[in-house]
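**Q** Take a look at this one; I'll ask things after.
2 protein chains.
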Amino acid sequence: MPDTPPARRGPYAKTAERRLEIIRTATAVFASYGYRGGSLRQIAAQLGLPLTTLMHHFPTKSALLEAVLDQEDAADPDAEGRARHDGFMPMVLGIVERNLGRRELVRMFSVVSAEATAPDHEAHEWLLRRYAAVTVDYGRMIAFDQAEGRIRSRRDPVQLAGLVVSAWEGVQIRWLADGTDPVAAMRTLLAALLDPAD
Amino acid sequence: MPDTPPARRGPYAKTAERRLEIIRTATAVFASYGYRGGSLRQIAAQLGLPLTTLMHHFPTKSALLEAVLDQEDAADPDAEGRARHDGFMPMVLGIVERNLGRRELVRMFSVVSAEATAPDHEAHEWLLRRYAAVTVDYGRMIAFDQAEGRIRSRRDPVQLAGLVVSAWEGVQIRWLADGTDPVAAMRTLLAALLDPAD
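Protein chains in written order, with my numbering: chain A, 246 to 443; chain B, 246 to 443.
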């Protein structure tokens with residue numbers, strides 16, 4: 246019965262929708278102005294909401310930042326499964342390709358990450374945790390592929406993981422700036438670093 | 246006669262010094278807050294100068310941005326000479342090493358570059374020109390080393406140059422964030438990409 250509203254509509258669902266809407270707009274504002282340059286006032290204005298309504302959902306700018314940064318990891322819980330099944334390199338290239346359709350999200354991460362390199366930045370701890378976690382996860386996936394013979398480089402897998410993550414960051418910034426194909430760039434970089442079997 | 250003031254002190258020298266001081270402070274402010282998040286007012290306050298004095302030297306924020314961005318290239322006119330003499334890879338590693346002592350300058354470039362990927366950003370054209378120029382210059386240096394037998398990769402030199410520039414950007418951000426050695430990272434990346442003869 247397509248006319249029946251879905252059962253989950255109600256005050257809670259409305260709150261969830263409003264939160265998502267705020268997160269989406271905050272992503273765009275932080276992408277343009279950075280976290281430090283963006284303001285709750287600006288985000289509320291862009292949504293046509295009173296500031297007090299926005300602050301009912303996110304009482305501080307840093308609470309909103311946390312929600313904005315969280316959307317990424319929640320979106321991809323099965324990277325490791327894909328890496329085991331298809332290989333580390335195809336898994337990474339799949340994310341690079343998916344990111345082609347998420348330009349403002351990628352820009353937000355690039356801008357906030359660059360800002361957050363400063364030790365006194367509100368997202369500095371988040372950035373360090375993210376680098377550490379991704380490096381450990383990717384290191385494990387690369388070690389798996391080395392054992393399987395899919396990756397022939399004998400370098401330390403954690404070191405390789407760190408280089409992949411760093412190079413990727415730069416490749417995405419270049420893509421955002423002038424459209425240089427990030428899939429082709431990552432394919433060449435990964436092949437040079439990992440020496441894949443095919 | 247060490248007590249004699251240098252001949253070039255005078256109103257012009259004072260203006261030049263004041264300009265340099267403003268550029269240095271603007272670099273630090275843009276590194277922390279981004280170009281969009283930083284303001285002339287903030288820069289003047291940090292220098293203990295009236296805003297009108299700052300605006301006498303730089304009438305607009307974008308005039309100041311231009312001066313801030315220009316300081317880099319002016320500082321290294323002979324990269325190509327060093328590349329011809331020592332090789333492309335040692336030349337790049339030399340700059341990476343020199344940048345260890347210029348943390349705030351590197352952070353400013355990282356933050357402003359990420360922001361400036363947006364087509365409506367005041368530094369967008371600068372960023373595109375910079376990528377294009379560096380890629381062409383590095384491509385020429387790589388081609389020279391390929392011809393000399395110092396670089397064994399037979400890939401298109403301009404494509405290699407683009408990958409080096411992108412990977413470097415990410416390596417520097419990682420260094421700024423958590424101190425990961427950028428010289429070691431770039432040495433491994435360059436060796437994997439270029440296949441140097443030694």
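Just so you know, even glycine gets a beta-carbon here, dropped at the ideal spot from N, CA and C. These figures come from a predicted structure and were not determined experimentally.
Quick check: the Cα distance between Asp315/A and Lys259/B, rounded to an integer number of angstroms?
**A** Distance from the CA atom of Asp315/A to the CA atom of Lys259/B, rounded to whole angstroms, is 50 Å.
**Q** Can you pull the chain A residues whose beta carbon is under 9 Å from the beta carbon of Trp456/B, in chain order?
**A** Any answer about residue 456/B is impossible in this case: the structure gives chain B only from 246 up to 443.
**Q** So is Gly279/A in contact with chain B if we call contact Cβ pairs under 8 Å?
**A** For Gly279/A, the answer is yes, since a Cβ of chain B falls inside 8 Å of its Cβ.
**Q** Any beta carbon of chain B sitting closer than 8 Å to that of Leu350/A?
**A** no
**Q** Taking Cβ positions only, does Thr425/B come closer than 8 Å to chain A?
**A** yes
**Q** For Pro441/B, which of helix, strand or coil comes out of DSSP?
**A** strand
**Q** What residues of chain D sit near Leu421/A, judged by a beta carbon separation below 7 Å?
**A** No chain D is part of this structure, whose protein chains are labelled A and B.
**Q** Compare the C-beta of Thr433/A against all C-beta atoms of chain B and say whether one is closer than 8 Å.
**A** yes
**Q** Is the Cβ of Val428/A closer than 8 Å to any Cβ of chain B?
**A** no
**Q** In chain B, what lies closer than 8 Å to Glu414/A by C-beta?
**A** Glu414, Gly415, Ile418, Arg419
**Q** Taking Ala273/B as the reference, which of Leu350/B, Gly394/B, Ile418/B, Gly346/B has the closest Cα?
**A** Leu350/B
**Q** Along chain B, which residues have their Cβ under 7 Å away from the Cβ of Ala368/A?
**A** Listed along the chain, the chain B residues whose CB falls inside 7 Å of the CB of Ala368/A amount to none; the nearest CB is some 10 Å away.
**Q** Under a CB-based cut-off of 8 Å, is Gly282/A close to chain B?
**A** yes
**Q** List the DSSP bridge partners of Ile396/B.
**A** Pro441/B
**Q** Using the three-state DSSP reduction, which class does Thr362/A fall into: helix, strand or coil?
**A** coil
**Q** Since Leu408/A meets chain B, which of its residues come closer than 7 Å, beta carbon to beta carbon?
**A** Ala430, Thr433, Leu434
**Q** What's the C-alpha gap between Phe389/A and Ala378/A?
**A** 17 Å
**Q** At the level of alpha carbons, what is the spacing between Gly339/B and Arg348/B?
**A** Whole-angstrom Cα-Cα distance: 15 Å.
**Q** Tyr450/B touches chain A at which residues, Cβ-Cβ below 9 Å?
**A** Here chain B comprises residues numbered 246 to 443, so residue 450/B is not present and cannot be evaluated.
**Q** Using a Cβ distance threshold of 8 Å, determine whether the segment 428-439 of chain A contacts the segment 408-420 of chain A, with at least three qualifying pairs required.
**A** yes
**Q** Could you check whether Thr270/A and Ile288/A sit closer than 8 Å to each other, using their CB atoms as the reference points?
**A** yes
**Q** For Trp371/B and Arg419/A, I'd like the C-alpha separation in whole angstroms.
**A** 13 Å
**Q** Determine the direct distance from the alpha carbon of Phe275/A to that of Ser307/A, and round the result to whole angstroms.
**A** 12 Å
**Q** Is the CB of Val274/B under 8 Å away from at least one CB in chain A?
**A** no
**Q** Does DSSP classify Ala368/B as helix, strand or coil?
**A** coil
**Q** Quick check on this structure: which residue in Arg264/B, Val381/B, Tyr278/B has the alpha carbon closest to the alpha carbon of Arg352/B?
**A** Tyr278/B
**Q** Can you list the residues of chain B that Leu299/A reaches, using a CB-CB cut of under 7 Å?
**A** Within chain B, no residue comes near Leu299/A; the closest Cβ sits about 20 Å away, beyond 7 Å.
**Q** Would a check of beta-carbon distances place Ser230/A closer than 8 Å to chain B?
**A** In the structure as shown, chain A starts at 246 and stops at 443, and residue 230/A therefore has no counterpart that could be examined.
**Q** What in chain B is Cβ-close to Ser307/A, meaning under 9 Å?
**A** Result: empty, since nearest Cβ-Cβ is about 15 Å, beyond 9 Å.
**Q** Tell me where the alpha helix (DSSP H) around Gly279/B begins and ends.
**A** 256-282
**Q** Go to Asp423/A, then tell me how far its alpha helix (DSSP H) extends in each direction, as first and last residue.
**A** 402-423
**Q** Would you mind reading off the limits of the alpha helix (DSSP H) that contains Pro335/A?
**A** 333-344
**Q** Could you check which residue in Gly293/A, Glu311/A, Leu296/A, Ala328/A has the C-alpha nearest to that of Ile268/A?
**A** Glu311/A
**Q** Please work out which residues of its chain come closer than 7 Å, Cβ to Cβ, to Gly424/A, disregarding the five sequence neighbours upstream and downstream, and give them in chain order.
**A** none
**Q** Judging by CA-CA distance, which residue of Ala392/A, Pro427/A, Ala429/A is the nearest neighbour of Gly332/A?
**A** Ala392/A
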